[in-house]
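Undergrad: The working numbering applies: residue 255 is where the sequence shown begins, and numbers increase by one.
Built from N, CA and C at the ideal position, the CB exists for glycine as well.
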Amino acid sequence: MEPVNLYDLEKLAGETLPHNMWDFVDAACNDEITKRRNREAFDRITVNSDFLQDVSKRDLSTTVLGEKISFPVMVAPAGGQRQAHPEGERATAMGAGAAGTLMALNTSSGYSIEEVAEVATGPLWWQLYHFNDEVTELLVTRAKAAGYKAIVLTIDTPAPSPKERDVRNGYHALPGLHWGSLRDRPDLVALRSVGIPDL
Numbered sequence: 255m256e257p258v259n260l261y262d263l264e265k266l267a268g269e270t271l272p273h274n275m276w277d278f279v280d281a282a283c284n285d286e287i288t289k290r291r292n293r294e295a296f297d298r299i300t301v302n303s304d305f306l307q308d309v310s311k312r313d314l315s316t317t318v319l320g321e322k323i324s325f326p327v328m329v330a331p332a333g334g335q336r337q338a339h340p341e342g343e344r345a346t347a348m349g350a351g352a353a354g355t356l357m358a359l360n361t362s363s364g365y366s367i368e369e370v371a372e373v374a375t376g377p378l379w380w381q382l383y384h385f386n387d388e389v390t391e392l393l394v395t396r397a398k399a400a401g402y403k404a405i406v407l408t409i410d411t412p413a414p415s416p417k418e419r420d421v422r423n424g425y426h427a428l429p430g431l432h433w434g435s436l437r438d439r440p441d442l443v444a445l446r447s448v449g450i451p452d453l
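1) State whether the region 365-378 contacts the region 419-438, with contact taken as three or more CB pairs (one from each stretch) at a distance under 8 angstroms.
2) Can you tell me whether His-339 is buried or exposed, with buried defined as 16 or more other CB within 10 angstroms of its CB?
3) Near Lys-322, what residues of its chain come up, given a Cβ to Cβ distance below 8 angstroms and the 5 sequence neighbours on each side ignored?
4) For Tyr-402, which option in Leu-356, Met-328, Leu-442 has the closest C-alpha, if you only look at C-alpha atoms?
5) Is it right to say Ala-350 is buried, meaning 16 or more other beta carbons lie within 10 angstroms of its own, or is it exposed?
6) Quick one: using the 10 Å Cβ neighbour count with 16 as the cut-off for buried, is Arg-422 buried or exposed?
7) Should the region 271-291 be called in touch with the region 396-410, which here means at least 3 C-beta pairs below 8 angstroms?
8) With a CB to CB cut of under 7 angstroms and the five nearest residues on each side skipped, what residues in its chain are close to Thr-288?
9) What does the alpha-carbon distance come out to for the pair Gly-268 and Asn-259?
10) Report the residue from Asp-285, Asp-304, Val-309, Met-328 whose alpha carbon sits nearest the alpha carbon of Trp-380.
11) In its own chain, which residues sit with a C-beta less than 7 angstroms from the C-beta of Thr-346, not counting the 5 before and 5 after it?
12) What is the rounded straight-line gap between the Cα of Phe-296 and the Cα of Asp-387?
13) Identify the continuous beta strand (DSSP E) that holds Leu-266 and give its terminal residues.
14) Reducing DSSP to helix, strand and coil, say where Lys-417 ends up.
15) If you draw a straight line from the alpha carbon of Glu-372 to that of Leu-306, how long is it in whole angstroms?
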């Protein structure tokens with residue numbers, strides 16, 4: 255059966271990917287209470303229609319921080335995509351551009367900042383975890399040089415949080431599929447511990 259909505263695609267992914275990989279994609283940190291609450295909050299959102307309107311020329315486009323996108327949905331940062339598909343974040347960037355929207359690239363993308371930018375056909379933002387100042391400055395400079403238009407600063411990760419499903423099934427990231435932007439700088443990998451410095 256062909257998927258007709260996102261729920262169908264989610265079900266298909268769960269049936270197709272290896273169990274521990276699906277858990278990595280589907281799971282949230284710790285006991286997943288926040289994930290469930292987010293879903294419940296989204297389910298309470300309604301679309302209020304204006305009836306008896308001319309709908310012959312529909313336009314869902316909007317502007318977000320100066321970027322015009324074709325509809326009010328953006329691709330949020332999500333790492334580890336190469337574990338689910340060889341093209342990972344590069345394919346996501348191409349898909350976002352084809353849909354007329356923007357993508358925020360995850361810091362831990364399996365492809366480098368530049369490798370994603372070279373195939374993107376739409377606007378790109380870059381998600382930043384604050385690391386050691388040297389790592390942060392290097393990555394922000396590279397994102398700017400590659401044409402990323404905004405920084406999405408992650409502030410809710412003062413320390414790494416385990417996904418309980420990953421712990422239960424013994425999941426370990428496949429080597430070489432994360433941290434593509436530090437692939438050429440193994441000397442900096444040890445400095446990437448997440449955290450907020452004294453302010």
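TA: The relevant details are as follows:
1) yes
2) Taking the first residue of the sequence shown as position 1, residue 339 is located at position 85. Exposed, since its Cβ has fewer than 16 Cβ neighbours within 10 Å.
3) Against the sequence shown, residue 322 aligns to sequence position 68. Only Ser-315, Thr-316 meet the Cβ criterion.
4) As a position in the sequence shown, residue 402 is number 148, starting the count at 1. Nearest of Leu-356, Met-328, Leu-442 to Tyr-402, Cα basis: Leu-356.
5) As a working note, residue 350 is residue 96 in the sequence shown. By the neighbour-count rule (16 or more Cβ atoms within 10 Å), Ala-350 is buried.
6) Counted from its first residue, the sequence shown places residue 422 at position 168. Looking at its Cβ environment, which holds fewer than 16 other Cβ atoms inside 10 Å, Arg-422 is exposed.
7) no
8) Sequence index remark: in the sequence shown, residue 288 carries index 34 (1-based). Correct list, in chain order: Ala-282.
9) Taking the sequence shown and counting its residues from 1, the one referred to as residue 268 is at position 14. Taking the sequence shown and counting its residues from 1, the one referred to as residue 259 is at position 5. Computed Cα separation, rounded: 15 angstroms.
10) The count along the sequence shown starts at 1 and reaches residue 380 at position 126. Residue Met-328 is the option with its Cα nearest to Trp-380.
11) Working through the sequence shown from its first residue, we reach residue 346 at position 92. So the list reads Val-329, Gln-335, Met-357, once near-sequence residues are dropped.
12) Here the question's residue 296 lines up with position 42 in the sequence shown. Here the question's residue 387 lines up with position 133 in the sequence shown. When rounded, the distance between both Cα atoms is 36 angstroms.
13) Within the sequence shown, the letter at position 12 stands for residue 266. In the DSSP assignment, Leu-266 falls outside any beta strand (DSSP E) and lies within the alpha helix (DSSP H) extending over 260-270.
14) By one-based count along the sequence shown, residue 417 stands at place 163. The three-state reading of DSSP puts Lys-417 in strand, counting E and B together.
15) Here the question's residue 372 lines up with position 118 in the sequence shown. Here the question's residue 306 lines up with position 52 in the sequence shown. Between Glu-372 and Leu-306, the C-alpha separation is close to 45 angstroms.
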